Amino acid sequence: MTKITKAVFPVAGLGTRFLPATKAIPKEMLPIIDRPLIEYAVEEAVMAGITEIIFITSHTKRAIEDHFDQNFELEAKLIKSGKHEYLEKINRKIFENVKFTYVRQKSQKGLGDAILQAKHLIQDEAFAVLLADDLILNDPSCTAQLMSVYAQKNCSIVGLNIVPDKDAHKYGVISSDDVGHAEQTFAINDIVEKPTENAPSNLAVVGRYILSATIFNYLENLAPSVGGEVQLTDAIKLMLKDELVIGHLYKGLKFDCGSRHGYAQAITHLAKDILAN
Ligand code: UTP
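Numbering (my numbering), first residue to last: 4 to 280.
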């Protein structure tokens, strides 16, 4: 089994729920206090051992590229004015040896289509997928936890959390014969995107995955479904016929920063430490 070194970050979505803030600014660049949302997930991936980050981006997301690049003019000005403490903040050591690659998704056809754009960069390795909207706080991180399960099971792993029945319609929801066991891992039987009624369980998929490269076989030629979008969930559903896919109930505190409610909760949570000092 090869070590997972590549992570795909789909960031080409329109961020409609955050208009007008996202009219000119990518949703992923919205600040969580003083750091953009995207930096939390990139840090999580890098700390879990990822050395190549592949952003699936669009023409409105150039600020993300700039954020992970050097800004020589700003660095020179900070040095000149003796504000050395900010240098590490804008040029983080942990990202020094990380390769950042950007691929454009030409039209926003959905998450499944976004991931398919990375096919030529992944070849036949398993890879991580992180949706930066889901800010997940824990040590070890959610990605590190999924990687540990991958190291034991050598198959695709999907991050799961428990949601109230009333919220199941917002997520991909899995079914498994293992539900009810004390175990944190579940062999997935079925997966349904945003079930309108009779959700198969209250185990919902979060924005963290380890995927076998065979996922591309299922993503290719996949028709759009829920919301008129090409859904990753549909590709995983097809994959289940041929391969084991495990759901892992990770440990951690998750904020859905793609929604106003979750974004406000994340800021409130992190602001507590600042206000206490
Ligand atoms: P969302 O469903 O949250 O969509 O996408 P969105 O466009 O970002 O936000 P809203 O719903 O309009 O407010 C889930 C993830 O998939 C990416 C998004 O960037 C986000 O990380 N995505 C979605 C793409 O990269 N391309 C797409 O075509 C759709």
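Even glycine gets a Cβ: it sits at the ideal position worked out from N, Cα and C. Every value quoted in this text rests on a predicted model; they were computed, and no experiment measured them.
Practice problem: Rounded to whole angstroms, what's the CA-CA distance from Ser204 to Glu88? Just pull it up for me. | Solution: In a straight line, the C-alpha of Ser204 is about 48 Å away from that of Glu88.
Quiz item: Between Pro13 and ligand 1, is the CB less than 6 Å from at least one heavy atom?
Solution: Yes; taking the cut-off as 6 Å, the Cβ of Pro13 has a heavy atom of ligand 1 nearer than that.
Quiz item: Taking three-plus beta-carbon pairs below 8 Å as touching, is the region 82 to 100 in contact with the region 130 to 143?
Solution: Contact fails: fewer than three Cβ-Cβ distances are below 8 Å.
Quiz item: Just curious, the alpha helix (DSSP H) that Ile93 is in, first and last residue?
Solution: Residues Leu90 to Ile93.
Self-check item: Coil, strand or helix - Ala131 by DSSP
Solution: Strand at Ala131.
Self-check item: DSSP beta-bridge partners of Glu68
Solution: Beta-bridge pairing links Glu68 to no other residue.
Self-check item: Contacts around Phe71, its chain only, beta-carbon distance under 6 Å, and the 5 residues preceding and following it disregarded
Solution: Correct list, in chain order: Phe103.
Practice problem: Mind reading off the beta-carbon distance from Ile41 to Val14? Whole number of angstroms is fine, and I expect it under 8 Å. | Solution: The Cβ separation is near 7 Å, so the contact holds.
Quiz prompt | Selected residue, minimal CA-CA separation from Leu140, among Asp276, Thr8 and Phe258 | solution = It is Phe258 whose Cα lies nearest to the Cα of Leu140.
Quiz item: DSSP beta-bridge partners for Val310?
Solution: Absent from the model: residue 310. The displayed extent of the chain is 4 to 280, so no value can be given.
Exercise. Report the partner residues of Ala171 according to the DSSP bridge assignment.
Key: BP columns for Ala171 are empty, so no partner.
Self-check item: Contact test: Ile59 Cβ vs ligand 1 heavy atom, cutoff 6 Å
Solution: Yes; taking the cut-off as 6 Å, the Cβ of Ile59 has a heavy atom of ligand 1 nearer than that.
Self-check item: Element boundaries [alpha helix (DSSP H), containing Lys83]
Solution: Bounds of the alpha helix (DSSP H) holding Lys83 are Phe75 to Lys83.
Quiz item: Is Thr271 helix, strand or coil when you go by DSSP?
Solution: The three-state reading of DSSP puts Thr271 in helix, counting H, G and I together.
Exercise. Please go through the same chain and pick out, in chain order, the residues whose beta-carbon is closer than 7 Å to the beta-carbon of Tyr122, but skip the five residues on each side of it.
Key: Looking at the sequence provided, one finds Lys at residue 122 rather than Tyr. Only Phe219 meet the Cβ criterion.
Quiz item: Within 6 Å: the Cβ of Gln120 and any heavy atom of ligand 1?
Solution: No - ligand 1 has no heavy atom lying nearer than 6 Å to the Cβ of Gln120.
Quiz prompt | Heavy atom of ligand 1 within 6 Å of Gln111 beta-carbon | solution = Proximity of the beta carbon of Gln111 to ligand 1 is indicated: a heavy atom of the ligand is located closer than 6 Å.
Quiz item: Just reading off the beta strand (DSSP E) that Val316 is part of, what are its end residues?
Solution: This structure cannot speak to residue 316, because the chain is shown only from 4 to 280.
Exercise. Could you tell me whether any non-hydrogen atom of ligand 1 is closer than 6 Å to the CB of Ala66?
Key: Taking 6 Å as the cut-off, one finds no heavy atom of ligand 1 near enough to the beta carbon of Ala66.
Quiz item: Rounded to the nearest angstrom, how far is the Cβ of Arg211 from that of Leu149, given a contact under 8 Å?
Solution: Cβ-Cβ separation between Arg211 and Leu149: approximately 6 Å, consistent with a contact (criterion under 8 Å).
Quiz item: Shortest alpha-carbon distance to Ala10 belongs to which of Asn224, Leu77 and Gly52?
Solution: Answer by Cα proximity: Gly52.
Exercise. Give the DSSP-derived three-state secondary structure of Gly16 in the structure shown.
Key: The three-state reading of DSSP puts Gly16 in coil, since its state is none of H, G, I, E or B.
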